[in-house]
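J.: Here it is: the structure, laid out below.
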DNA sequence: CGGTCTCTTGACGGAGTTCAAAGCTAGTGG
DNA sequence: CCACTAGCTTTGAACTCCGTCAAGAGACCG
C-alpha cells in the first residue's frame with residue numbers, strides 16, 4: 100500500500116499541474132530506513148511529515164526513562180509536534196520510523212511560503228487539521244469511557260492489520276498499559 | 100472579559116468591511132442563559148460555536164449514567180463535536196453553557212458556503228484547527244505522563260481563575276477523577 | 001427556611017503496575 | 001543462509017493508586 104501526497108491532496112482540492120510543481124518545489128521526498136530518527140528530544144520540530152509508505156511513531160521519555168508513544172502515523176497521515184513546529188520551540192518528542200518508509204516533508208518556513216504561493220492548500224490543510232481534531236476528540240472519548248482492558252480489545256479488534264505491523268510493546272505504550280498487562284490480557288483471552 | 104469574533108479573526112487574517120458583512124450574514128449571535136443546552140445526545144451537532152463571553156462544556160453520559168466532561172470552551176474558543184458536525188451523524192455528546200454566555204454559531208451548510216464566499220477564512224480556520232490540534236497533543240501528553248494526583252495539581256495551579264468559575268465536580272470529571280478523590284487531595288494538601 | 005445540589009469522610013476492593021527472572025524471536029553480521 | 005544476540009514477550013507475586021459505596025455536612029437558590 101502506497102499513497103502519494105498529490106493523490107491525497109487531490110481527494111480534497113484538485114490542483115493544476117503548475118500548482119503541483121510549486122508544491123514539489125517546497126517539499127522534500129525522502130526514503131528512511133527502519134528505526135530512522137526524524138526528530139530528537141530537545142530539537143525544534145522543523146518539519147511536518149506526510150507518510151506515503153511505511154509507519155512513524157512519536158514518543159517522549161517519561162520519568163521512569165521509558166518510551167511513551169503518543170501517536171502513530173500510517174500511509175496518508177501527517178505528523179509533527181505542532182507546538183514545536185508552530186512556535187519554533189524545542190520539542191520533548193522523538194519521531195521515528197517503525198518500518199522503512201517513504202515520506203514527504205515540509206519545513207516550517209516552506210510551509211508558510213507554500214500556503215502563500217498556493218492558497219488552495221489552506222483549504223486542504225484546514226480539512227486535514229479538522230479531521231485530525233475529530234479523530235483526537237474520539238480518542239479522548241475512548242480514553243475516558245473504556246477501561247484499559249476494553250481499550251486494548253477495542254483497538255486490537257478494530258485495527259488487526261496494525262497489530263501485525265507494530266510490535267506489541269509499542270501498542271501497549273500507545274494504549275497506556277504495560278507490556279506485562281497486555282501479556283496477561285492475551286493469555287486470558289486464549 | 101469579552102472577545103468578539105471579528106476581533107479574534109482579525110488577529111490572524113484581516114477582513115475587509117464587506118467580508119465582515121458576509122461573515123455576519125452566515126453566522127448567528129445568541130445569548131444563552133446559565134445551563135442552557137445547545138446540543139443533546141442523539142442529535143446531529145449542526146453548529147460550530149464560538150464563545151464571545153461565558154463558558155461551555157461538552158460531555159457524554161457514561162455507562163454508569165454519570166456525566167463525563169471531555170472539553171470546556173472559554174472566551175475565544177470554538178467548540179463542537181467535529182465528527183457529528185462534519186459527517187452529519189448523531190452525536191453522543193451534550194453541549195451546555197456553564198454560565199450565561201454570548202455565542203456566535205455557524206451551521207454546517209453555512210460553514211461550507213461561508214468558506215466559499217470568503218476564502219481567506221480557510222486560512223483562519225486552518226490556523227484555529229492547527230492550534231487546537233497542538234493543544235490536544237499537549238493534553239494527551241499530560242494524560243500519559245502525570246498521575247491523577249499530579250494532573251489535578253498541575254491543572255489547579257495553572258488555571259486558578261478557571262477553578263473559581265467552574266464547580267469542583269466538573270473539573271474532577273474533566274480530569275477523569277472522582278469528586279471523592281479530589282476531596283481527599285484537597286484535604287491532604289491543606 | 002426547606003430542599004436540592006455539592007463537597008467531605010472513611011472503609012473497602014480491585015484493576016492495573018512494578019519488579020525480577022526466564023523464555024522466546026527475529027534482525028544483523030559473518 | 002545460518003547462528004548469535006539484543007530485543008521482545010511471558011510469568012507470577014506483591015503492592016498501590018484510585019474508584020465505589022454509603023452516609024453525613026454544608027451551601028446555595030427559590
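Chains as they are written, first to last, in the numbering used here: chain C, 100 to 289; chain V, 100 to 289.
Virtual Cβ for every residue (Gly too), placed ideally from N, Cα, C.
Which residue's Cα is closest to the Cα of residue 265 of chain V: V:163, V:183 and V:196?
T.: Within the second chain, numbered from 1, the residue matching residue 265 of chain V stands at position 166. Considering only alpha carbons, the answer is V:196.
J.: I'd like the span of the alpha helix (DSSP H) that includes residue 237 of chain V, first residue to last.
T.: For this step, residue 237 of chain V is matched to residue 138 along the second chain. 219-244 is the extent of the alpha helix (DSSP H) around residue 237 of chain V.
J.: Mapping the DSSP letters down to three states, classify residue 159 of chain V as helix, strand or coil.
T.: Against the second chain, residue 159 of chain V aligns to sequence position 60. If DSSP states are grouped into helix, strand and coil, residue 159 of chain V belongs with the strands.
J.: Evaluate contact between the region 238-250 of chain C and the region 205-216 of chain V, counting only Cβ atoms and requiring at least three cross-stretch pairs below 8 Å.
T.: Verdict: no, contact absent.
J.: Could you pull out every unbroken alpha helix (DSSP H) segment of at least 4 residues lying fully inside the region 106-183 of chain V, listed in chain order?
T.: Within the region 106-183 of chain V, the complete alpha helix (DSSP H) runs of at least 4 residues are 116-125.
J.: Would you report the Cα separation of residue 240 of chain V and residue 117 of chain V, rounded to the nearest angstrom?
T.: Taking the first residue of the second chain as 1, we reach residue 240 of chain V at position 141. Taking the first residue of the second chain as 1, we reach residue 117 of chain V at position 18. Distance between the alpha carbons of residue 240 of chain V and residue 117 of chain V: 42 Å.
J.: Beta-carbon of residue 161 of chain C versus every beta-carbon of chain V: anything under 8 Å?
T.: In the first chain, the residue the question calls residue 161 of chain C occupies position 62. Answer yes: the Cβ-Cβ gap between residue 161 of chain C and chain V drops below 8 Å somewhere.
J.: Going along chain C, which residues have a C-beta under 7 Å from residue 181 of chain V?
T.: Within the second chain, numbered from 1, the residue matching residue 181 of chain V stands at position 82. What residue 181 of chain V touches in chain C: 229, 232, 233 and 236.
J.: Check the Cβ of residue 167 of chain V against every Cβ in chain C and list those closer than 9 Å, keeping chain order.
T.: Within the second chain, the letter at position 68 stands for residue 167 of chain V. Chain C residues near residue 167 of chain V: 240, 243 and 244.
J.: Candidates V:200, V:259 and V:267: which alpha carbon is nearest residue 134 of chain V's?
T.: For the purposes of this step, residue 134 of chain V is identified with residue 35 of the second chain, where counting begins at 1. That would be V:200, whose Cα lies nearest to the Cα of residue 134 of chain V.
J.: Please compile the residues from chain C whose C-beta is within a distance smaller than 7 Å of the C-beta of residue 221 of chain V.
T.: The sequence position of residue 221 of chain V within the second chain is 122, counting from 1. The contacting residues are 221, 222 and 225.
J.: On the three-pair Cβ rule with 8 Å, is the region 171-180 of chain C touching the region 149-160 of chain C?
T.: The answer is yes - the region 149-160 of chain C touches the region 171-180 of chain C, with three or more Cβ pairs under 8 Å.
J.: Out of V:124, V:130 and V:287, which has the shortest C-alpha to C-alpha gap to residue 202 of chain V?
T.: Position 103 of the second chain, counted from the first residue, corresponds to residue 202 of chain V. Residue 202 of chain V has its Cα closest to that of V:130, out of V:124, V:130 and V:287.
J.: If the cut is a Cβ gap below 9 Å, which residues of chain V does residue 275 of chain C touch?
T.: Looking up residue 275 of chain C in the first chain gives position 176. Under the 9 Å cutoff, chain V gives 242 and 243.
J.: Return helix, strand or coil for residue 202 of chain V, following the three-state DSSP convention.
T.: Taking the first residue of the second chain as position 1, residue 202 of chain V is located at position 103. Here residue 202 of chain V sits in strand by DSSP.
J.: Report the option in C:217, C:190, C:182 and C:286 whose CA atom is closest to the CA atom of residue 160 of chain C.
T.: Numbered from 1 along the first chain, position 61 holds the residue referred to as residue 160 of chain C. With distances taken between Cα atoms, residue 160 of chain C lies closest to C:190.
J.: Considering residue 267 of chain C, what are the terminal residues of the alpha helix (DSSP H) in which it resides?
T.: Stepping through the first chain from its first residue, residue 267 of chain C is reached at position 168. Where residue 267 of chain C is concerned, the enclosing alpha helix (DSSP H) stretches over 267-274.
J.: Output needed in chain order: residues of the region 249-274 of chain V with a Cβ under 8 Å from some Cβ in chain C.
T.: Answer in chain order: no residues at all.
J.: State the DSSP-derived secondary structure class of residue 263 of chain V, mapped to helix, strand or coil.
T.: To locate residue 263 of chain V, count along the second chain from 1; it is residue 164. In this structure, residue 263 of chain V counts as helix in the three-state DSSP scheme.
J.: Below 9 Å on C-beta distance, what does residue 218 of chain C contact in chain V?
T.: What you label residue 218 of chain C is simply residue 119 of the first chain in a count that begins at 1. Neighbours of residue 218 of chain C on chain V, chain order: 218, 219, 221 and 222.
J.: Three or more C-beta pairs closer than 8 Å, one from the region 213-228 of chain C and one from the region 103-121 of chain C: is that the case here?
T.: As far as the Cβ criterion goes, the region 213-228 of chain C touches the region 103-121 of chain C, which means the pair count is three or higher.
J.: First and last residue of the alpha helix (DSSP H) that includes residue 254 of chain C?
T.: In the first chain, residue 254 of chain C corresponds to position 155, counting from 1. Looking at the DSSP string, the run of the alpha helix (DSSP H) that includes residue 254 of chain C is 247-257.
J.: Which residues share a DSSP beta bridge with residue 193 of chain C?
T.: Looking up residue 193 of chain C in the first chain gives position 94. For residue 193 of chain C, which the question treats as bridged, DSSP gives the partners C:158.
J.: Using C-beta distances below 6 Å, list every residue in its chain close to residue 237 of chain C, excluding the 5 sequence neighbours before and after it, in chain order.
T.: Along the first chain, read from residue 1 onward, the residue named residue 237 of chain C stands at position 138. Once the five neighbours on either side are set aside, residue 237 of chain C has no close Cβ partner at all.
J.: Any contact of the region 262-278 of chain V with the region 164-176 of chain V, i.e. 3+ C-beta pairs under 8 Å?
T.: Yes: at least three Cβ pairs fall under 8 Å.
J.: Determine whether the Cβ of residue 100 of chain V lies closer than 8 Å to any Cβ atom of chain C.
T.: Mapped onto the second chain, residue 100 of chain V falls at position 1. Output row for residue 100 of chain V: interface = no.
J.: Using only CA atoms, which one of C:198, C:106 and C:205 lies nearest to residue 185 of chain C?
T.: The residue given as residue 185 of chain C occupies position 86 in the first chain. Residue 185 of chain C has its Cα closest to that of C:205, out of C:198, C:106 and C:205.
J.: Cα-Cα, which of C:148, C:114 and C:288 is closest to residue 128 of chain C?
T.: For the purposes of this step, residue 128 of chain C is taken as the residue at position 29 of the first chain. Closest option to residue 128 of chain C, Cα to Cα, is C:148.
J.: Within the same chain, show all residues whose beta-carbon is closer than 8 Å to that of residue 284 of chain V, passing over the 5 residues directly before and after it, in chain order.
T.: Within the second chain, residue 284 of chain V is the residue found at index 185, counting from 1. Only 248, 251 and 252 meet the Cβ criterion.
J.: May I have the straight-line CA-CA distance separating residue 140 of chain V from residue 232 of chain C, to the nearest angstrom?
T.: Residue mapping note: residue 140 of chain V aligns to position 41 of the second chain, counting from 1. Residue mapping note: residue 232 of chain C aligns to position 133 of the first chain, counting from 1. Approximately 20 Å between the Cα atoms of the pair.
J.: Determine the direct distance from the alpha carbon of residue 288 of chain V to that of residue 290 of chain V, and round the result to whole angstroms.
T.: An answer regarding residue 290 of chain V cannot be provided, because it is not within the stretch 100 to 289 covered by chain V.
J.: State the Cα-Cα distance for the pair residue 102 of chain C and residue 260 of chain C, rounded to the nearest angstrom.
T.: Counted from its first residue, the first chain places residue 102 of chain C at position 3. Counted from its first residue, the first chain places residue 260 of chain C at position 161. When rounded, the distance between both Cα atoms is 17 Å.
J.: Classify residue 225 of chain V as buried or exposed, calling it buried when 16 or more other Cβ atoms lie within 10 Å of its own Cβ.
T.: Taking the second chain and counting its residues from 1, the one referred to as residue 225 of chain V is at position 126. With 16 or more Cβ atoms within 10 Å of its Cβ, residue 225 of chain V is classed as buried.
J.: Got a sec? Which residues, its chain only, sit under 8 Å from residue 221 of chain V by beta carbon, not counting five neighbours each side?
T.: Within the second chain, residue 221 of chain V is the residue found at index 122, counting from 1. Closer than 8 Å at the Cβ level, and outside the excluded window around residue 221 of chain V, lie 214.
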